[in-house]
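**Q**
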Amino acid sequence: MLSVLSYGRLVARAVIGGLSQTDSRDYSLVTASCGFGKDFRKGILKKGMCYGDDACFIARHRSADVLGVADGVGGWRDYGVDPSQFSGTLMKTCERLVKEGRFIPSNPVGVLTTSYYELLQNKVPLLGSSTACIVVLDRQSHRLHTANLGDSGFLVVRGGEVVHRSDEQQHYFNTPFQLSIAPPGAEGAVLSDSPDAAESSSFDVQLGDIILTATDGLFDNMPDYMILQELKKLKNTNYESIQQTARSIAEQAHVLAYDPNYMSPFAQFACDNGLNVRGKCLGFTPAVPTDAYFLFFFKALLIRWKMTHDMSKVNFLMSAILFLSRRKAR
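Once you know that position 108 of the sequence shown is 108 in the UniProt record's numbering, the rest is easy, because the numbers rise by one and skip nothing.
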């Protein structure tokens, strides 16, 4: 899927002149998406910004661009529950709130909280669990506001180096923080965290920054240096080049996930916790194992002038390539 949220001509990725904090012009985003299913051939995104048990949204309001990603807990399927319903509905609700203007750009935790409590108020309980990461670009202040619950997360790359990143939230090994809705009477039997437990941060962004947001399927298979190596291959700013870079990252993560001899970040983490494993079972927790689905937001903040983001099943979703652009003041 390819969606263009603003118009204009793409130019070089390198910074051409700085952008001071007193600059009256704001930023905007352009998106392009592609997804990968089990056969790993089709580059399409499932309707509704959902793929497997993972889901995402991209929404734009007057002063901000907002995106989110949620990693559904696939183990609910063992109990007759479709895990994608929870993560998908959570993201759709976030998207609606943003489009309706019912959010504060500097408070992405608020978007997550309101969305979650709307799900709790459904007459028919929407059972399930999910991690979540929401990123808000305030186009006027040039600041990025983030909220991350669990082991999804984001990276901000500037000048070939990681300058900001989220921290994983784990109760214990491979058991991330998560939002949950349990069957009536079984609330205490299901792990559940409050949206307020999400880690939040705010910081300035610059033209030329790259922001990468993903579920654990990426970060558990590729260490930062591998991701940076792939991003360095991005030489052009046309859609074909950007999509190829995103696809290359997904393909490499996919291959590494199945390599029994590869010491992945997840495998190293397991060893640190006394387990002897290699590779990565994409997305599982000991209590409620998830299916192996992977969702990846890739956002490249590029220079652009406006002229007038259990191993049995593996689905990859390269869900959004977002370009930070510069919008001329009206």
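Backbone N, C-alpha and C fix where the C-beta goes; we use that ideal spot for every residue, glycine too.
Bear in mind the structure is a predicted one, so any value in this text is a computation, not a measurement.
1. Return the CA-CA distance between arginine 96 and cysteine 56, expressed in angstroms with no decimal places.
2. For leucine 67 and threonine 213, which I take to be in contact (beta-carbon distance under 8 Å), what is that distance rounded to the nearest angstrom?
3. So does valine 157 have its beta carbon nearer than 7 Å to some heavy atom of the ligand SAM?
4. When DSSP labels each residue in this structure, what does glycine 88 get in the three-state scheme?
5. Starting from the C-beta of leucine 126, find all residues in its chain whose C-beta is less than 8 Å away, skip the five residues before and the five after it, and write them out in chain order.
6. Taking just the CA atoms, how far does valine 73 sit from aspartate 291?
7. For glutamine 252, which option in Ser141, Gly274, Met226 and Leu112 has the closest C-alpha, if you only look at C-alpha atoms?
8. Determine contact between the region 127 to 147 and the region 107 to 115, defined as no fewer than three beta-carbon pairs at a distance below 8 Å.
9. In whole angstroms, what is the alpha-carbon distance linking asparagine 122 and tyrosine 116?
10. Under 6 Å Cβ to Cβ from serine 129, same chain only, skipping five residues before and after it: list those, please.
11. Thinking C-alpha only, which one of Asn221, Tyr172, Phe103 and Asp151 is nearest asparagine 273?
12. At the level of alpha carbons, what is the spacing between residue 361 and serine 194?
13. Put arginine 77 into one of helix, strand or coil per three-state DSSP.
14. In the DSSP assignment, find the beta strand (DSSP E) that holds aspartate 204 and state where it starts and stops.
15. Using a 10 Å radius around the Cβ and a threshold of 16 neighbouring Cβ atoms, would you call aspartate 167 buried or exposed?
16. If I measure Cβ to Cβ from residue 345 and keep anything under 7 Å in the same chain, skipping five residues before and after, which residues do I get?
17. For aspartate 196, which of Thr113, Lys92, Arg77 and Val98 has the nearest alpha-carbon?
18. Quick one: using the 10 Å Cβ neighbour count with 16 as the cut-off for buried, is leucine 218 buried or exposed?
19. Using the Cβ count rule (16 or more neighbours within 10 Å means buried), how would you classify valine 157?
20. Can you tell me whether phenylalanine 203 is buried or exposed? The criterion is at least 16 other CB atoms within 10 Å of its CB, across all chains shown.
21. The alpha helix (DSSP H) spanning alanine 267 covers which residue range?
22. So the alpha helix (DSSP H) threonine 114 belongs to, where does it begin and stop?
23. If we count the other Cβ atoms within 10 Å of its Cβ and call it buried at 16 or more, is aspartate 78 buried or exposed?
24. According to DSSP, which residues form a beta bridge with aspartate 71?
25. Rounded C-beta distance between aspartate 138 and alanine 64? I'm assuming under 8 Å.
**A** In terms of the structure at hand:
1. In this model, arginine 96 and cysteine 56 are separated by some 12 Å (Cα to Cα).
2. Right, the Cβ-Cβ distance comes to about 7 Å (below 8 Å), so this counts as a contact.
3. Among the components modelled here there is no ligand, and therefore nothing to report on the ligand SAM.
4. Shown here, glycine 88 sits in a helix according to DSSP, grouped into three states.
5. Taking leucine 126 as the centre and dropping the five residues before and after it, the same chain places the C-beta of Gln85, Phe86, Thr89, Leu119 and Ile181 closer than 8 Å to its C-beta, in chain order.
6. Here the model assigns aspartate 291 a pLDDT of 31, short of 50, so the residue's position is not dependable, and the following value carries that caveat. Between the alpha carbons of aspartate 291 and valine 73 lies a distance of about 7 Å.
7. Minimum Cα distance to glutamine 252 is reached at Met226.
8. Cβ pair count under 8 Å is three or more, so yes.
9. Approximately 10 Å between the Cα atoms of the pair.
10. Counting only Cβ-Cβ distances below 6 Å, and skipping sequence neighbours, we find Val73, Gln178 and Ser180.
11. Ranking Asn221, Tyr172, Phe103 and Asp151 by Cα distance to asparagine 273 puts Tyr172 first.
12. No statement about residue 361 is possible, as the shown extent of the chain runs from 1 to 330 and does not include it.
13. Helix, per DSSP.
14. From DSSP, the beta strand (DSSP E) with aspartate 204 extends over 199 to 204.
15. It counts as exposed.
16. Since the first and last residues shown for the chain are 1 and 330, residue 345 lies out of range.
17. Closest option to aspartate 196, judged by alpha-carbon separation, among Thr113, Lys92, Arg77 and Val98: Thr113.
18. A residue is called buried once 16 or more other Cβ atoms fall within 10 Å of its Cβ, and leucine 218 is buried on that count.
19. So valine 157 ends up on the buried side.
20. Exposed.
21. 265 to 272 is the span of the alpha helix (DSSP H), which, as asked, contains alanine 267.
22. 108 to 120 is the span of the alpha helix (DSSP H), which, as asked, contains threonine 114.
23. It counts as exposed.
24. DSSP links aspartate 71 through a beta bridge to Asp54 and Thr131.
25. With a Cβ gap of about 5 Å, aspartate 138 and alanine 64 count as contacting.
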